[in-house]
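Student:
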Amino acid sequence: MKNEMQQYDYLIAGSGLAGLYAAFVASKYGSVAVVTKNKVSDSNTYYAQGGIASVTDNEDTPEFHSNDTITAGRGLCNPVAVDTLVNECPLRIKELIEDGMNFDMSGGVLALGLEGGHRRRRVLHAGGDITGRRISEFMTGQILSNPKITLFENHQALEIILDGKGDGGRCLGLKVWNFDTGRVENFYAGSTIMALGGASAIYSRTTNPQSSIGDGVALCYNAGCQIADMEFIQFHPTTLYSPDNKSYLISEAVRGEGAHLLNHNGERFMVNIHPLAELAPRDVVAQAIEREIKRDPHNRPYVYLSLKHLDSEKIRRRFPHIFQKCEDLGIDMRDKVPVAPAAHYMVGGVKSDIDGKTSITGLYVCGELASTGIMGANRLASNSLAECIVFGYRAVMSAKEHQASNLFAQESLDRYVGSATEPQYYIDSTKQDEYFRIREQISLIMTRYAGIVREREGLESALAELEQIRESLFAGDCGREFYSSISENLIIVATLVVSGALYREESRGGHFRSDYPKENIFNLFHTIQQKGKMNGSLSANWYASVKRPMPNNRKEITPKKQNNRIMTHNSLIDKIIDLAIEEDVASGDITTNSIILEKTKATAVFKMKADGVVSGISIIKRVFEHLDKNVIWRPFVKDGDSVNKEDVIVEIEGSYRCLLTSERIALNILQRMSGIATLTAQFVKEIEGTDAKILDTRKTAPGLRVLDKMAVAAGGGKNHRMGLYDMVLIKDNHIKIAGGIKNAVSQVRENINMGMKIEVETSNLDEVREAVECGADIIMLDNMDNDTMRRAIEIIAGRAESEASGNMTLDRVKEVAMLGVNYISVGALTHSISALDISMNVTVIPDN
Ligand SMILES: Cc1cc2nc3c(=O)[nH]c(=O)nc-3n(C[C@H](O)[C@H](O)[C@H](O)COP(=O)(O)OP(=O)(O)OC[C@H]3O[C@@H](n4cnc5c(N)ncnc54)[C@H](O)[C@@H]3O)c2cc1C
0 MKNEMQQYDY
10 LIAGSGLAGL
20 YAAFVASKYG
30 SVAVVTKNKV
40 SDSNTYYAQG
50 GIASVTDNED
60 TPEFHSNDTI
70 TAGRGLCNPV
80 AVDTLVNECP
90 LRIKELIEDG
100 MNFDMSGGVL
110 ALGLEGGHRR
120 RRVLHAGGDI
130 TGRRISEFMT
140 GQILSNPKIT
150 LFENHQALEI
160 ILDGKGDGGR
170 CLGLKVWNFD
180 TGRVENFYAG
190 STIMALGGAS
200 AIYSRTTNPQ
210 SSIGDGVALC
220 YNAGCQIADM
230 EFIQFHPTTL
240 YSPDNKSYLI
250 SEAVRGEGAH
260 LLNHNGERFM
270 VNIHPLAELA
280 PRDVVAQAIE
290 REIKRDPHNR
300 PYVYLSLKHL
310 DSEKIRRRFP
320 HIFQKCEDLG
330 IDMRDKVPVA
340 PAAHYMVGGV
350 KSDIDGKTSI
360 TGLYVCGELA
370 STGIMGANRL
380 ASNSLAECIV
390 FGYRAVMSAK
400 EHQASNLFAQ
410 ESLDRYVGSA
420 TEPQYYIDST
430 KQDEYFRIRE
440 QISLIMTRYA
450 GIVREREGLE
460 SALAELEQIR
470 ESLFAGDCGR
480 EFYSSISENL
490 IIVATLVVSG
500 ALYREESRGG
510 HFRSDYPKEN
520 IFNLFHTIQQ
530 KGKMNGSLSA
540 NWYASVKRPM
550 PNNRKEITPK
560 KQNNRIMTHN
570 SLIDKIIDLA
580 IEEDVASGDI
590 TTNSIILEKT
600 KATAVFKMKA
610 DGVVSGISII
620 KRVFEHLDKN
630 VIWRPFVKDG
640 DSVNKEDVIV
650 EIEGSYRCLL
660 TSERIALNIL
670 QRMSGIATLT
680 AQFVKEIEGT
690 DAKILDTRKT
700 APGLRVLDKM
710 AVAAGGGKNH
720 RMGLYDMVLI
730 KDNHIKIAGG
740 IKNAVSQVRE
750 NINMGMKIEV
760 ETSNLDEVRE
770 AVECGADIIM
780 LDNMDNDTMR
790 RAIEIIAGRA
800 ESEASGNMTL
810 DRVKEVAMLG
820 VNYISVGALT
830 HSISALDISM
840 NVTVIPDN
């Protein structure tokens with residue numbers, strides 16, 4: 000029988016917030032189909048309680064939000080993804096509100112909740128504690144009233160339709176099981192966006208609905224996508240304990256309102272474990288509860304959440320539905336509530352970039368299914384609804400570009416449809432019971448061996464048991480039988496979690512190994528699993544440092560002690576400022592504090608003592624704010640402005656003590672950064688009129704790179720890589736050991752993220768030829784004279800970009816630029832700087 004066929008511009012799978020929001024955005028650009036396996040409301044989204052984290056308050060900043068996210072992520076966050084989340088979410092929220100979504104208000108402003116790991120109130124909520132239901136109903140209303148969107152309930156995605164396999168493949172749409180007709184339908188689309196949610200319902204105790212079993216992971220895995228960090232399953236610390244395993248979430252926001260966790264001796268055990276006590280990150284709280292449960296001599300599988308000391312009316316108003324649920328079960332929320340952890344959130348998922356792209360053309364992922372790296376090793380509370388809207392939006396935008404560039408070829412679809420002779424799915428209802436039996440077995444295996452606490456032996460047993468289930472499933476020939484297929488999907492997802500957990504021989508975030516109870520600070524890595532490489536034989540790569548099996552003929556090099564954490568610029572700047580204050584002020588400015596009264600106020604004026612380009616204005620503001628957050632700041636210029644001797648660039652008012660104590664640090668930063676910006680501007684001016692751009696290098700002051708590079712940008716230069724982690728530059732020593740440029744490029748290419756550029760250093764024309772032939776993106780012409788460089792550019796002939804490097808001076812730079820290179824890198828910008836002279840004068844404000 001031939002498949003039914005539907006064709007749309009955008010095919011969205013899943014009707015949680017990520018899918019609904021993506022459909023809503025995509026409808027502005029074409030026809031949209033949404034397929035979802037049950038009713039539209041059957042999703043994790045619908046059950047979300049606490050809310051959606053976004054910076055909306057003046058006291059909060061994206062940097063604070065980013066810091067909290069990265070802290071919870073235990074070193075594995077992708078800082079670019081985090082920056083994207085925290086900076087774009089406020090805009091998406093604003094649009095949602097303009098479109099009519101009602102969040103709870105208090106005193107005319109958005110009411111903001113506080114949740115674990117957040118150092119500011121920033122969680123918007125709706126209906127008190129039914130944010131998910133409200134947002135899901137709101138988005139469903141938008142979808143149903145939109146003529147460009149067709150919603151298909153009871154349609155379960157079964158398989159990704161591919162033209163070609165694996166990395167080179169192109170997605171043409173989905174094979175979808177229609178429960179109403181009992182048949183498979185093929186949905187074809189220019190772009191397919193998978194928003195199929197998480198997998199926590201593969202555990203027995205879970206907060207998720209039963210549909211949340213990782214279908215998206217299994218489908219993408221089968222199609223050849225890379226699956227990242229599946230071992231990180233977040234266990235929500237506080238779900239209402241009931242012996243029948245029906246866990247109902249007691250939102251983190253309840254602890255945010257001040258509820259205490261008590262053990263069976265009535266002790267607040269979190270106080271001794273983490274400075275944030277009950278509001279510590281979820282992994283910390285869940286593991287602590289698990290320990291308390293194991294310690295209880297009476298084997299009671301819960302602890303208590305105590306609200307006795309709180310205003311009970313306020314609690315009832317703020318959490319009406321949780322209150323009601325407890326009451327229905329005969330539990331008085333004004334007293335104490337029995338709670339235990341339950342599987343809650345899939346931190347890993349299908350690896351994608353920040354635009355939702357996977358390794359398959361035309362296939363995008365977003366929401367809980369995607370692993371962009373925002374969550375690192377542990378999700379910060381209420382970041383996931385935020386993720387859905389920010390990355391649902393971005394996935395559509397990149398899908399739209401894909402449509403526009405017409406990468407989706409109708410011929411490819413016609414060819415596929417014309418030749419679709421593969422066996423069809425069918426259903427054998429006698430297999431249904433077997434499916435439920437397998438599901439039950441898997442949830443027990445996962446809970447027993449791959450729960451909050453794991454260890455090698457248990458994980459190996461889990462793998463063996465999963466393998467047995469797989470073997471028995473395929474003992475008979477099931478072909479494409481529906482129940483066997485979805486059983487196999489369950490086995491795949493469980494195996495991915497267990498394999499990841501086995502491979503990760505450390506404890507980090509949502510993954511705790513009792514046999515490796517510490518974080519391995521020497522080796523920060525992501526586990527990446529791809530079809531054909533399961534059961535621990537993992538290929539691992541990402542934007543951070545990687546751990547991967549070394550080929551047999553090479554010895555693994557023991558990593559030296561190193562700090563692998565990738566920090567956002569903002570957190571690095573905070574660290575630099577903290578260090579500078581520690582170095583200069585330490586226990587206090589004894590001279591100033593002896594002479595100047597605390598209450599004395601003063602004004603400080605920063606004045607130029609030389610012409611130049613200023614940089615560091617926003618940084619020194621932070622220096623003063625570190626010591627007095629009430630300083631009044633009046634800048635007259637911004638970074639990158641040209642200034643003249645005698646110009647006043649900033650005036651600042653605040654505590655006299657703070658101004659004097661901060662003076663040296665502020666001047667050191669401002670003078671150094673302005674010196675770099677000024678020199679960069681001279682180089683940029685010198686090559687004006689050519690197409691070349693001035694680049695910086697890694698020759699920066701140790702620890703100060705982020706500031707040095709900001710200053711280069713202020714001077715009009717372009718930043719080269721920030722460090723060894725964000726771009727590939729193959730240098731002579733790499734080439735030597737790899738046995739040539741070609742080998743080096745192909746070894747690197749196997750291991751890097753899609754879209755990451757490869758630069759190769761060359762020192763002669765033969766090397767230039769080799770680099771061009773093996774497809775390097777940028778070719779560095781290192782220490783070549785002008786004539787050799789000219790010939791190199793002729794050889795490259797536009798097939799790669801070129802970068803001139805080595806001994807670039809102001810005298811020479813113009814000639815080099817005129818040769819037609821794309822970039823000129825200048826180490827001197829940051830290694831040979833002279834500070835720009837700037838003064839700070841302080842005037843006391845008379846006491847009135
Ligand atoms: C109880 C609970 C409380 C939570 N509270 C919060 C909170 O306060 N704040 C927060 O930020 N996050 C919270 N979360 C997490 C958050 O709700 C989810 O991470 C987020 O909603 C995921 O959205 P999504 O659209 O990616 O996936 P989902 O909302 O899970 O949607 C996935 C969709 O895909 C469908 N689907 C699955 N498989 C198939 C298939 N094969 N074919 C077709 N359709 C399929 C599902 O039916 C569903 O419609 C909570 C989660 C739970 C369970």
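Going by our numbering, 572 is the number at position 573 of the sequence shown; the sequence numbering is gapless.
Cβ coordinates follow ideal geometry from the N, Cα and C atoms, glycine included.
#1: Nearer than 7 Å: is that true of the beta carbon of Q48 relative to any heavy atom of ligand 1?
#2: May I ask whether a heavy atom of ligand 1 can be found less than 7 Å away from the beta carbon of N37?
#3: Quick one: grab the DSSP three-state call for E814.
#4: Looking at D41 and ligand 1, is the gap between the Cβ and the nearest heavy atom below 7 Å?
#5: Once you ignore the five residues that flank H320 on each side, which residues in its own chain have a CB closer than 6 Å to its CB?
#6: For ligand 3, I want to know if I232 counts as a neighbour, meaning its beta carbon is within less than 7 Å of at least one of the ligand's heavy atoms.
#7: What is the DSSP secondary structure of G611, reduced to helix, strand or coil?
#8: Would you tell me roughly how many angstroms separate the C-alpha atoms of E425 and L472, rounded to the nearest one?
#9: Would you kindly work out how many angstroms separate the C-alpha atoms of F524 and L75, rounded to a whole number?
#10: If contacts are defined as beta-carbon pairs under 8 Å, then R663 and I595 qualify, I think. What distance do you get, rounded to the angstrom?
#11: Give me the residue from D331, M672, F234 and S513 with the minimum Cα distance to L706.
#12: According to DSSP, is Q5 part of a helix, a strand, or is it coil?
#13: Cβ-heavy atom distance between L16 and ligand 1 below 7 Å?
#14: Under the criterion of a Cβ to heavy atom distance below 7 Å, does V283 qualify as lining ligand 1?
#15: Can you tell me whether DSSP reads E158 as helix, strand or coil?
#16: Of the residues P296, D41, T55 and N37, which one's Cα is nearest the Cα of F178?
#17: Using a threshold of 7 Å, is the CB atom of S383 nearer than that to any non-hydrogen atom of ligand 1?
#18: So does S211 have its beta carbon nearer than 7 Å to some heavy atom of ligand 1?
#19: Which same chain residues end up closer than 6 Å to V841 when comparing Cβ atoms and leaving out the 5 residues on each side of it in sequence?
#20: Any heavy atom of ligand 1 closer than 7 Å to the beta-carbon of T130?
#21: Is it buried or exposed for T180, if we count other Cβ within 10 angstroms and need 16 for buried?
#22: Could you check whether E251 and G49 sit closer than 8 Å to each other, using their CB atoms as the reference points?
#23: From V622, A700, I11 and S210, pick the residue whose C-alpha is nearest to that of W632; which is it?
#24: Is the CB-CB distance between E505 and E518 below 8 Å?
#25: Note down, one range per segment and in chain order, each beta strand (DSSP E) of at least 3 residues found wholly within the region 410-459.
#26: Classify D784: buried if its beta carbon has 16 or more other beta carbons within 10 angstroms, exposed otherwise.
#27: Three-state secondary structure (DSSP) at Y240?
#28: Closer than 8 Å is the cut-off here; do at least three beta carbon pairs connect the region 788-801 with the region 820-834?
#29: Helix or strand or just coil, what does DSSP make of D695?
#30: Please check the pair V711 and L578, which I expect to be a contact at CB under 8 Å, by giving their CB distance rounded to whole angstroms.
#31: If we count the other Cβ atoms within 10 Å of its Cβ and call it buried at 16 or more, is H297 buried or exposed?
#32: Judging by CA-CA distance, which residue of P208, E312, G716 and D162 is the nearest neighbour of A188?
#33: Helix, strand or coil: which one does DSSP assign to Q670?
#34: Using 8 Å as the threshold, is the C-beta distance between A680 and D836 below it?
#35: V54 to P61, Cα distance in whole Å?
#36: DSSP puts E760 in a beta bridge; with which residues?
Tutor: Short version:
#1: The answer is yes for Q48.
#2: Yes; taking the cut-off as 7 Å, the Cβ of N37 has a heavy atom of ligand 1 nearer than that.
#3: Residue state, collapsed to three classes: helix.
#4: Indeed, a heavy atom of ligand 1 lies less than 7 Å from the Cβ.
#5: Counting only Cβ-Cβ distances below 6 Å, and skipping sequence neighbours, we find D128 and I129.
#6: Among the ligands modelled here, namely ligand 1, ligand 3 does not occur.
#7: Strand.
#8: The amino acid at residue 425 is misidentified as Glu; the sequence shows Tyr. About 16 Å.
#9: Spanning the two alpha carbons is a distance of roughly 8 Å.
#10: Actually they do not touch by this definition, with Cβ atoms about 16 Å apart.
#11: Scanning D331, M672, F234 and S513 for the CA closest to the CA of L706 turns up M672.
#12: In this structure, DSSP gives Q5 an extended state, which the three-state scheme calls strand.
#13: Yes, since a heavy atom of ligand 1 falls inside the 7 Å radius drawn around the Cβ of L16.
#14: Answer for V283: no, Cβ out of range of ligand 1.
#15: The answer is strand: DSSP assigns E158 an E or B state.
#16: It is N37 whose Cα lies nearest to the Cα of F178.
#17: Set against 7 Å, the gap from the CB of S383 to the closest heavy atom of ligand 1 is smaller.
#18: The answer is yes for S211.
#19: Excluding sequence neighbours, V841 sits near A601, A603 and L658.
#20: For T130, the Cβ falls inside the 7 Å cut-off from some heavy atom of ligand 1.
#21: Classification for T180: exposed.
#22: In this structure, E251 lies closer than 8 Å to G49 by Cβ.
#23: Taking each of V622, A700, I11 and S210 in turn and checking the Cα distance to W632, the smallest one comes out for V622.
#24: Yes, the pair counts as a contact, with Cβ atoms nearer than the cut-off.
#25: For the region 410-459, not a single whole beta strand (DSSP E) run of length 3 or above is found.
#26: Looking at its Cβ environment, which holds fewer than 16 other Cβ atoms inside 10 Å, D784 is exposed.
#27: Three-state DSSP puts Y240 in coil, outside helix and strand.
#28: Using a C-beta cut-off of 8 Å, the region 788-801 makes contact with the region 820-834, since at least three inter-stretch Cβ pairs fall below that distance.
#29: Here D695 carries a coil assignment [DSSP, helix/strand/coil].
#30: Contact between V711 and L578 is absent: CB atoms are separated by about 21 Å, not below the 8 Å threshold.
#31: Exposed, since its Cβ has fewer than 16 Cβ neighbours within 10 Å.
#32: When only C-alpha atoms are compared, the closest one is D162.
#33: In this structure, Q670 counts as helix in the three-state DSSP scheme.
#34: No, these two residues do not count as a Cβ contact at 8 Å.
#35: About 6 Å.
#36: When DSSP reads this structure, E760 sits in a beta bridge with M779.
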